[in-house]
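Peer 1:
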Amino acid sequence: EQRFRVREFIDGYPFLVAKIERLAEEEAHTAEVEARMLRLKELIGELLELMPQAPSELVNAVQQITSPAMLADMIAAFIDIAPEEKQKLLETTDVSERLDKLLEHVGHRLEVLRLSKEITERTKKTMEERQREFLLREQLKTIQKELGEEEEGVEVEELRRAIEEAGMPEEVKEHALKELKRLERMHESQAEYGMLRTYLEWLIELPWSKKTEEKLDIEEARRILDEDHHDLEKVKRRILEYLAVRKLNPEGKGPILCFVGPPGVGKTSLGQSIAKATGRKFVRVALGGVHDEAEIRGHRRTYVGAMPGKIIQAIRKAGANNCVMMLDEIDKLGMGAFHGDPAAALLEVLDPEQNINFVDNYLGVPFDLSKVMFICTANVLDTIPRPLLDRMEIIEIPGYTETDKLHIARRYLVKRQLEACGLTPQQCEISDDALITIIRYYTREAGVRNLEREIGAVFRWAAVQIAEGKAEKIRIDAETVQKVLGPPKYESEVAMRTSIPGVATGLAWTPVGGDILFIEATRTPGTGKLILTGHLGDVMKESAQAALTLVKARCERLGIDPKEFSEADIHVHVPAGATPKDGPSAGVAIFVALVSLFTDKPVRPDVAMTGEISLRGLVLPVGGIKEKVLAALQAGIKTVMLPARNKKEWEDIPEEARERLRFVWLENVDQAIIEAIGPDVLKH
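Mind the numbering: the sequence shown is residues 2 to 685 in the numbering used here, read in order.
(1) Which of helix, strand or coil does DSSP assign to residue 669?
(2) Where do the N-terminal and C-terminal ends of the alpha helix (DSSP H) with residue 272 fall, by residue?
(3) Would you list the one or two residues that DSSP bridges to residue 518?
(4) Between the segment 136-143 and the segment 76-86, do three or more beta carbon pairs fall short of 8 Å?
(5) Assess contact between the segment 376-389 and the segment 316-335, defined as three or more Cβ pairs (one per stretch) separated by less than 8 Å. Is contact present?
(6) Nearest to residue 400 by alpha carbon, out of 520, 262, 313?
(7) With H, G and I counted as helix, E and B as strand and the rest as coil, what does DSSP make of residue 21?
(8) For residue 207, which residues in the same chain have their Cβ closer than 6 Å to its Cβ, ignoring the five residues on either side in sequence?
(9) How would you label residue 491, buried or exposed, when you count the other beta carbons within 10 angstroms and need 16 or more for buried?
(10) Would you say residue 321 and residue 212 are within 8 Å of each other, going by their C-beta atoms?
(11) Do you know how far the Cα of residue 455 is from the Cα of residue 466?
(12) Could you give the first and the last residue of the continuous beta strand (DSSP E) run that contains residue 327?
(13) Can you tell me whether DSSP reads residue 286 as helix, strand or coil?
(14) For residue 258, which beta-bridge partners are listed by DSSP?
(15) Do the CB positions of residue 527 and residue 569 come within less than 8 Å of each other?
(16) Taking all protein chains shown into account, do 16 or more other C-beta atoms lie within 10 angstroms of the C-beta of residue 191, making it buried, or fewer, making it exposed?
(17) Measuring CB atoms only, is the segment 471-480 touching the segment 421-431, in the sense that at least three cross pairs come out at less than 8 Å?
(18) Helix, strand or coil: which one does DSSP assign to residue 610?
(19) Looking at residue 600 and residue 482, is the spacing between their C-beta atoms short of 8 Å?
(20) Does the beta-carbon of residue 391 have 16 or more other beta-carbons within 10 angstroms, so that it is buried, or is it exposed?
(21) Taking the alpha-carbon of residue 480 as reference, which of 461, 437, 452, 470 has the nearest alpha-carbon?
(22) Straight-line CA distance for residue 542 to residue 414?
(23) Going straight from the alpha carbon of residue 82 to that of residue 109, what length do you get?
(24) Would you grab the beta carbon distance between residue 282 and residue 222 for me? Rounded to a whole angstrom, and I think it's under 8 Å.
(25) Counting C-beta neighbours from all protein chains within 10 Å, is the total for residue 113 16 or more, i.e. buried, or is it exposed?
(26) Express the C-alpha separation of residue 462 and residue 586 in angstroms, rounding to a whole number.
(27) Using the three-state DSSP reduction, which class does residue 122 fall into: helix, strand or coil?
(28) In the DSSP assignment, find the unbroken beta strand (DSSP E) run with residue 569 in it and report its ends.
(29) Which word fits residue 46, buried or exposed, when buried means at least 16 other C-beta atoms lie within 10 angstroms of its C-beta?
(30) Please classify residue 655: is it buried, with 16 or more other beta-carbons within 10 angstroms of its beta-carbon, or exposed?
(31) Mind checking which residues open and close the beta strand (DSSP E) that includes residue 642?
(32) Do residue 169 and residue 177 have their CB atoms nearer than 8 Å?
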């Protein structure tokens, strides 16, 4: 056999006839060729070992060949390579080059066969391990059955099935199955068995992918909110805005709202109404007095009795990952000396960018809180740390007017208390006069909690009368209220307290709403000292000093002899001395009280005022305007003097207050003197 090259084809029928040129092959037995042959024989030996189907005679034949060309041609004939590659080998006349190409092909083929063998062995080993594990499990079941421990195996299988069906993210599922394997290797009597089983149950019972279908009907939501709560238009508008956005962008993140207002105005019940309006589950987390970070973020599993934090517990209770979660009394979070800061732990919970992967210390795996609608409640903002406040949308819920309270009592409280006392509207009826009497003389609050309590007391009296058979039907009027509740608890004392010079009525803001504040000033022989009493804070003391300085600076205009200041000690007192008072907003009232004292002219009894003062005589803006106006209305004030720079809050003042009160907007203290005492006080 010899290689040849086709020069031309002469005929094609009945078979190909061609002119050829015989190619001579030089077999040079050099050291390089010998080395290539030796290496090729080694590789072929390894290759044939990995090919069980190869005949054993082939191995011997290859080893006995001494001709480089014959060895190359023989190996090229049986090796499994592409026909194109074989043609290239055939066309290579140089034996040394042909051996190089073959070494490359044989090496590549050998690598493929090695990998194939490795994969086969690995697969075989895995299958053997599975068979062994299956066999051992069957043996274990038999042993457990003999020992009466068959239930344990069933329990593990139930947990495995529950993990598969829980809808966990892949990484959480892997972690749970890994922990389940640990549980399988433990005996029921081991202490850690119960802890690990409880942990797995927590993972299984969390709503990883369970959510309630949201109601996005805006009209229906508006109807529910109006039905459950009177007024509160700002809050209702915000909830309807959220629903509208949710309707247009279903993947948007839930808002984090904070309702701030006095007790009893309906902050907590509003959260329940929001859940009802949106069709979500509602859970409440009470944060008042929480002082341990672990109560928010959970305890590590290494501790005995470890539990997840309040957030994860609430999620589990809700059974849906898109619930409405109310964080109640967030302003009353404590701070433990050795247990971390719970407010700092809430930073992650209330940050939409971070709460996608909230990690509870107990769970040790991330849980997505971004679908939860968080609603916080607080009475004041001062005690909430600034970074936490920054993450929330603040919605203020002010107190109610007398008309609002009457409407709420008639629409909600009366029905609720009748039901609580086992009465029907046919058995017991209460007049509007009776309700107004309770509102005016037996309660003084921004909310309606005490009002409901007093209505309940009246209805309980009626229940006793009906239960004893003294009456079949009772109608409660104002006289009945006085008979049942006793003498009025609150009186309008403005006229009595301001009938003498040196007394002015101020307006104050407190965590439970607005209130009126009496500023009393008197003088005694002395050396010009200023005495301040009434549990006043530093800011209020400075306001009093500024007010006195301003009176001294204007003594000529006010017709006051400057000697009066150096020959007398001035005492400023704010009654209710046990209650701490602070802030700059009493500046105007203190100034007017001092002017009244030194000019010996009383302040009008139906005027109340608020505002900070400067040494230039300007009246500066203050906060809590709506609450202060409501307090003035409730106390029977006729004229309210407010800083002109607070005029922007006119729209927030209830319509009833705007109609019943006269408002004076103060630019400077001269206007305050004219309105509160009279224009004749100013000499020039």
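We put the beta carbon where it would ideally sit given N, CA and C, even for glycine.
Peer 2: For this structure:
(1) Position 668 of the sequence shown holds residue 669. In the three-state scheme derived from DSSP, where H, G and I count as helix and E and B as strand, residue 669 is classed as strand.
(2) On the sequence shown, position 271 is the one that residue 272 refers to. Segment 268-279, the alpha helix (DSSP H) holding residue 272.
(3) Translated into positions along the sequence shown, residue 518 becomes position 517. Per DSSP, 507.
(4) No, the segment 136-143 does not touch the segment 76-86.
(5) With the rule of 3 Cβ pairs closer than 8 Å, the segment 376-389 counts as touching the segment 316-335.
(6) Against the sequence shown, residue 400 aligns to sequence position 399. Comparing Cα positions, the closest option is 262.
(7) By 1-based counting over the sequence shown, the position of residue 21 is 20. In the three-state reduction of the DSSP assignment, residue 21 falls in the strand class.
(8) As a first step, residue 207 must be located in the sequence shown, where it is residue number 206. These residues qualify, in order along the chain: 317.
(9) Within the sequence shown, residue 491 is the residue found at index 490, counting from 1. Exposed: under 16 other Cβ atoms inside 10 Å.
(10) Reading the sequence shown from its first residue, position 320 is the one you call residue 321. Reading the sequence shown from its first residue, position 211 is the one you call residue 212. Going by C-beta atoms, residue 321 is nearer than 8 Å to residue 212.
(11) By one-based count along the sequence shown, residue 466 stands at place 465. By one-based count along the sequence shown, residue 455 stands at place 454. C-alpha separation (whole angstroms): 17 Å.
(12) Looking up residue 327 in the sequence shown gives position 326. Annotation: the continuous beta strand (DSSP E) that includes residue 327 extends over 325-329.
(13) Walking along the sequence shown from the start, residue 286 turns up at place 285. In this structure, residue 286 counts as strand in the three-state DSSP scheme.
(14) Numbered from its first residue, the sequence shown carries residue 258 at position 257. According to DSSP, which records beta bridges pairwise, residue 258 is partnered with 376, 394.
(15) Translated into the one-based positions of the sequence shown, residue 527 becomes position 526. Translated into the one-based positions of the sequence shown, residue 569 becomes position 568. In terms of Cβ geometry, residue 527 and residue 569 form a close pair [threshold 8 Å].
(16) Here residue 191 refers to the residue found at position 190 of the sequence shown. When all chains shown are included, residue 191 counts as exposed.
(17) Contact between the segment 471-480 and the segment 421-431 is present: 3 or more CB-CB pairs across the two stretches fall below 8 Å.
(18) The count along the sequence shown starts at 1 and reaches residue 610 at position 609. Three-state DSSP puts residue 610 in a strand.
(19) Locating residue 482 in the sequence shown gives position 481, counting from the first residue. Locating residue 600 in the sequence shown gives position 599, counting from the first residue. Between residue 482 and residue 600, the C-beta spacing is not below 8 Å.
(20) For the purposes of this step, residue 391 is taken as residue 390 along the sequence shown, with counting starting at 1. Its Cβ having fewer than 16 others within 10 Å, residue 391 is exposed.
(21) In the sequence shown, counting from the first residue as 1, residue 480 sits at position 479. Closest option to residue 480, judged by alpha-carbon separation, among 461, 437, 452, 470: 437.
(22) Stepping through the sequence shown from its first residue, residue 542 is reached at position 541. Stepping through the sequence shown from its first residue, residue 414 is reached at position 413. Their backbone Cα atoms lie some 43 Å apart in a straight line.
(23) Residue mapping note: residue 82 aligns to position 81 of the sequence shown, counting from 1. Residue mapping note: residue 109 aligns to position 108 of the sequence shown, counting from 1. Approximately 10 Å, taken between the alpha carbons.
(24) The residue you call residue 282 lines up with position 281 of the sequence shown. The residue you call residue 222 lines up with position 221 of the sequence shown. So it is not a contact: roughly 16 Å between Cβ atoms.
(25) Counting from one through the sequence shown, the residue named residue 113 turns up at place 112. Counting Cβ neighbours within 10 Å, residue 113 comes out exposed, since fewer than 16 surround it.
(26) Position 585 of the sequence shown holds residue 586. Position 461 of the sequence shown holds residue 462. Taking the straight line joining both Cα atoms gives about 44 Å.
(27) Start at 1 with the first residue of the sequence shown, and residue 122 comes out as number 121. Helix.
(28) Here residue 569 corresponds to residue number 568 of the sequence shown, with the count starting at 1. Looking at the DSSP string, the run of the beta strand (DSSP E) that includes residue 569 is 569-574.
(29) Stepping through the sequence shown from its first residue, residue 46 is reached at position 45. The residue in question, residue 46, is exposed, as its Cβ has fewer than 16 Cβ neighbours within 10 Å.
(30) Walking along the sequence shown from the start, residue 655 turns up at place 654. Classification of residue 655: buried, given that the 10 Å Cβ count is 16 or more.
(31) If you number the sequence shown from 1, residue 642 lands on position 641. 640-644 is the span of the beta strand (DSSP E), which, as asked, contains residue 642.
(32) Against the sequence shown, residue 169 aligns to sequence position 168. Against the sequence shown, residue 177 aligns to sequence position 176. Contact: yes.
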